[in-house]
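So the protein lines, in turn, are chains V and S.
Residue numbers for the first sequence follow numbering that gives the first Met the number 0, so the first one is 0 and each next one is one higher.
Residue numbers for the second sequence follow numbering that gives the first Met the number 0, so the first one is 0 and each next one is one higher.
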Amino acid sequence: MNKILLIIQREYLSRVKKKSFLLTTFLVPLLFIGMYAIIFYVALNNQEPTTIVQVIDDSGFIINELKDTEHLIFTKATGSTEMIKKSLEKGEKNTVLLLIPSDVESSQRVDLYDTEKKGIGTINDIEGQLNDIVKSKALKDAGIDTKILNSIKPAISVKSKELTVEGERDSSIGAAVGVSFGLSILIYLSLFLYGSQVMRGIIEEKSNRIVEVIISSVKPFQLMMGKIIGIGLVGVTQFVLWIVLSVGLLGIASTVMMDKSISTEITETKHANDTKEEYKSANTSPINGLIKNIKTVDYPYIIGSFLVYFIGGYLLYSALFAMVGSAVDSETETQQFMLPIIMPLLFTYMLSFSVLINNPHGTLAFWLSMVPFTSPIGMLVRIPFGVPTWQLVLSIILLIIGFVGTTYIAARVYRVGILMYGKKASYKELFKWFKYKG
Amino acid sequence: MLEINNIVKQYAQHRALDDISLSIKRGTIFGLLGPNGAGKTSLIRIITQITGPDSGTIFFNGEHLNPQHIEKIGYLPEERGLYKKMQIGDQMLYLAQLKGLSKEEAKRRIKHWFEKMEMQTWWNKKVEDLSKGMQQKVQFVATVLHQPELLILDEPFSGFDPVNADLIKNEILELHNNGTTIIFSTHRMESVEELCDNIALINKSKKILDGSLSEIKNSYRENKFKIIYHSQEDSIPTNDALFIVEYTKRTDHSTTLFIKILEDKTINEILSYLLEKVEIRHVEEIIPSIHDIFVKEVTDIPLN
């Protein structure tokens, strides 16, 4: 036991001390937060300059209905179309020419002349206003009172409540699904990342021949498990640091951002009073809602299950990776064995976006979350939709049986494989090694 | 010290060890010889408990070989290596601790050995910065650090220049003088003649020779002698009743005869016959070298 600790210690420290470990551990959350901050910054500060819209209205009824907004000032064009076009070409900044034909109601199209490409916001604004004007005219022509129509404004939003033992609680499946999707991608990537580190470590020991020195001191099983556990702890350390750093930084960032976005919301609301009512809902910050939503996710539960499935899945897959590593002489020979290892995870990973998310309690979803080879991803995707406790417990027990089983098989192949040099391993050969006794 | 009884190791198609029995006495240097693929490494791996035998028993100091003995055995494999990116000092500490030494004790002994082998400045170096010979030195030290009672050396001199080979040889002899039992596996027969007390020869999974070096060599004597004499005459004195001349070599001043004495005769009878005819300068019995014995046994073609 003491020796296995020594091996774990070496495997762990030699990796944690590496510069690349520190770099990824601290850079990834920073990158994450940085991206988050940039999105906020862009969303909040991308103020378009005010644009003067010169309008030539051949239909006659629209120009008086156009209302100035924060970024748009509508004026009646003076002079002929050609003259204005020329002055635009000469480089008059922030001025555009809106040409409304007389048959706008039937043709459904207007022309906007500009020297540069306009942002989608400007065009949307103009389009929205024009549509409203044309629509209310059409309503008026049909004898419908727009005032009455405007007063009828249903605004039903579905607020989902989850019934739990503790009573009702707000359930925000969207954010929870997002988070656990993120985590299942993380599991998918990290199982390969750390699994292949185990494999590479074993190939290294085998190819530089130190393995024979070591296993004259410890049992091959101890060496294999020491390596698997040591590298697994590196993974757990990295995740814990990521979570702590991200949560910490996110906490700081979101308080700052919240203050800022609330203040902009107020100015926007003020402004919205001047414009048509409809724009108000579109202009409130969606990011604000997202933050609120993210905060309602049951993090301890999801992160807890993430760690359980990461550790279980890692132990299972790294044993398989260890087996492959022991069977080959160099990394280039690993390919033939990699496919069957990758397949179940890749399969679940791809299904999780379609089948699992649409039918999280269906038969396929159930089995995918039970079979140890697929449950680390399958179950994690299902968890935000609420999984019965017995299924969770059964799945975890099966996962434990799964990794004990793969570890047993892998250890038997490993102890023979690490001493076989220059032999091209086949599945038949692996099976023979498995059967060797002693 | 080590009793190996009827060891059999069977791999899928071939039998690596077939009923091997050996007895290695405490404090001796035991040469384990055999051509490539004979089963030496398989036997060593069983002694070091890397693998187990299919049948047969091994006793270490009178006890059944068990994992507790691992700490009393030091093994320098032929295919040996170190962690390339790890510092030498840390690496030694790790390997020594795996052999059951405490960290402090390991540190103390590593320092001692580093001074002895003039490697003091190597502690913080990485293996990839060392030459192959330097790495071999490190490996040798790592093997003996825990003061094993039984030391198994597989081709310990490969990769060393003559100076370092001598250094290692002297360390081996010193360990031998301190009572360490050494199993020595090599293809370099001259070092076998120089170092070993006892040898065993394994060929095609079977033991074909076992015993003390001098006894084995004696048993391979073929009554052959080399005689150098001085004579004015060109003709070679022969006597078919006494000996057969196998080979002659003539220079200006002397003639060298390689002869094989007939079964019931002695060298004295031959000499008294020759004394009357020539002036004898030199008489020497030709004792086959381990090299010759090895080649003879392994190839099954008679010598000469």
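For every residue, glycine included, the Cβ atom is placed at its ideal position computed from N, Cα and C.
* Asked: So, helix, strand or coil for S394 (chain V), using DSSP?
  -> helix
* Asked: Does L256 (chain S) have its Cβ less than 7 Å from a Cβ in chain V?
  -> no
* Measure the C-alpha to C-alpha separation of L355 (chain V) and L306 (chain V) and round it to an integer number of angstroms. => 21 Å
* Asked: Out of V:V403, V:E428, V:S179 and V:T405, which has the shortest C-alpha to C-alpha gap to V415 (chain V)?
  -> For the options V:V403, V:E428, V:S179 and V:T405, the alpha carbon positioned closest to that of V415 (chain V) is the one of V:E428.
* **Minimum Cβ-Cβ distance from Q9 (chain S) to chain V less than 7 Å** => no
* Proximal residues of chain S, C-beta to C-beta of L5 (chain V) below 8 Å -> Y93, Q96 and L97
* Report the residues of the region 202-227 of chain V with a CB closer than 9 Å to any CB of chain S, ordered along the chain. => E203, E204, S206, N207, R208, I209, V210, E211, V212, I213, I214, S215, S216, V217, K218 and P219
* Check V197 (chain V) in the structure and name its three-state DSSP category. => Correct three-state label for V197 (chain V): helix.
* Among S:K205, S:K248 and S:I279, nearest to S20 (chain S) - alpha-carbon criterion -> S:K205
* Where A424 (chain V) sits in the DSSP three-state scheme -> coil
* Using a beta-carbon distance cut-off of less than 7 Å, what residues from the region 6-21 of chain V approach chain S? -> R9 and S13
* To do: Step through the CB atoms of chain S and report whether any lies within less than 7 Å of the CB of K2 (chain V).
  => yes
* Asked: Between the Cα of N317 (chain S) and the Cα atoms of S:E275, S:S211, S:E77 and S:H252, which residue gives the shortest distance?
  -> In this structure chain S extends from 0 to 303, so residue 317 (chain S) is not present and cannot be described.
* Asked: So, R280 (chain S) versus Y228 (chain S), is the Cβ gap smaller than 7 Å?
  -> yes
* Outcome for H111 (chain S) when other beta-carbon atoms lying within 10 angstroms are tallied against a minimum of 16 -> exposed
* Asked: Using a C-beta to C-beta distance shorter than 9 Å, which residues of chain V count as neighbours of M85 (chain S)?
  -> Identification of chain V residues near M85 (chain S) by a Cβ-Cβ cut-off of 9 Å yields R9 and S13, ordered along the chain.
* To do: Label S284 (chain V) either buried or exposed according to how many other C-beta atoms from any shown protein chain fall within 10 Å of its C-beta, with 16 as the threshold for buried.
  => Since pLDDT at S284 (chain V) reaches only 49, below the 50 mark, its modelled position is unreliable, and the value read off the structure follows with that caveat. With 16 or more Cβ atoms within 10 Å of its Cβ, S284 (chain V) is classed as buried.
* Can at least three beta-carbon pairs, one atom from the region 65-84 of chain S and one from the region 134-142 of chain S, be found at a separation below 8 Å? -> yes
* Buried or exposed by the 16-neighbour rule on C-beta atoms within 10 Å, applied to T142 (chain S) -> Buried, because 16 or more other Cβ atoms sit within 10 Å of the Cβ of T142 (chain S).
* For the 8 Å Cβ check, are there 3 or more pairs between the region 82-94 of chain S and the region 122-137 of chain S? -> Contact holds: three or more Cβ-Cβ distances are below 8 Å.
* To do: Please name the residue in S:D165, S:P161, S:G38 and S:E283 whose C-alpha comes closest to that of E221 (chain S).
  => Residue S:E283 is the option with its Cα nearest to E221 (chain S).
* Asked: Going along chain V in order, which residues have a C-beta closer than 9 Å to the C-beta of P76 (chain S)?
  -> One finds R208, E211, V212 and S215 in chain V with Cβ atoms closer than 9 Å to the Cβ of P76 (chain S), taken in chain order.
* Using the Cα positions of R44 (chain S) and S216 (chain V), report the straight-line distance between them to the nearest angstrom. => 12 Å
* Asked: Assuming S329 (chain V) and S206 (chain V) make a contact with CB atoms under 8 Å, what is their CB distance in whole Å?
  -> 6 Å between Cβ atoms; contact.
* **Inter-stretch contact (C-beta, 8 Å, three-pair minimum) for the region 4-15 of chain S and the region 51-61 of chain S** => yes
* In chain order, which alpha helix (DSSP H) runs of at least 4 residues are fully inside the region 72-139 of chain V? -> 80-88 and 103-106
* Asked: Along chain V, which residues have their Cβ under 9 Å away from the Cβ of I49 (chain S)?
  -> Chain V residues near I49 (chain S): E211, I214, S215, P219, R414 and L418.
* Asked: Can at least three beta-carbon pairs, one atom from the region 229-247 of chain V and one from the region 301-315 of chain V, be found at a separation below 8 Å?
  -> yes
* Go ahead and pull the three-state DSSP assignment for D297 (chain V). => coil
* Asked: For G80 (chain S) and chain V, any beta-carbon pair shorter than 7 Å?
  -> yes
* Asked: Hey, out of V:F372, V:L248, V:I301 and V:Y426, whose CA is closest to V327 (chain V)'s CA?
  -> V:Y426
* **Length of the line joining the Cα atoms of L12 (chain V) and D18 (chain S)** => 45 Å
* Asked: With a CB to CB cut of under 7 Å and the five nearest residues on each side skipped, what residues in its chain are close to I304 (chain S)?
  -> Absent from the model: residue 304 (chain S). The displayed extent of chain S is 0 to 303, so no value can be given.
* Where K295 (chain S) and P66 (chain S) are concerned, what is the direct C-alpha to C-alpha distance, given to the nearest angstrom? -> 39 Å
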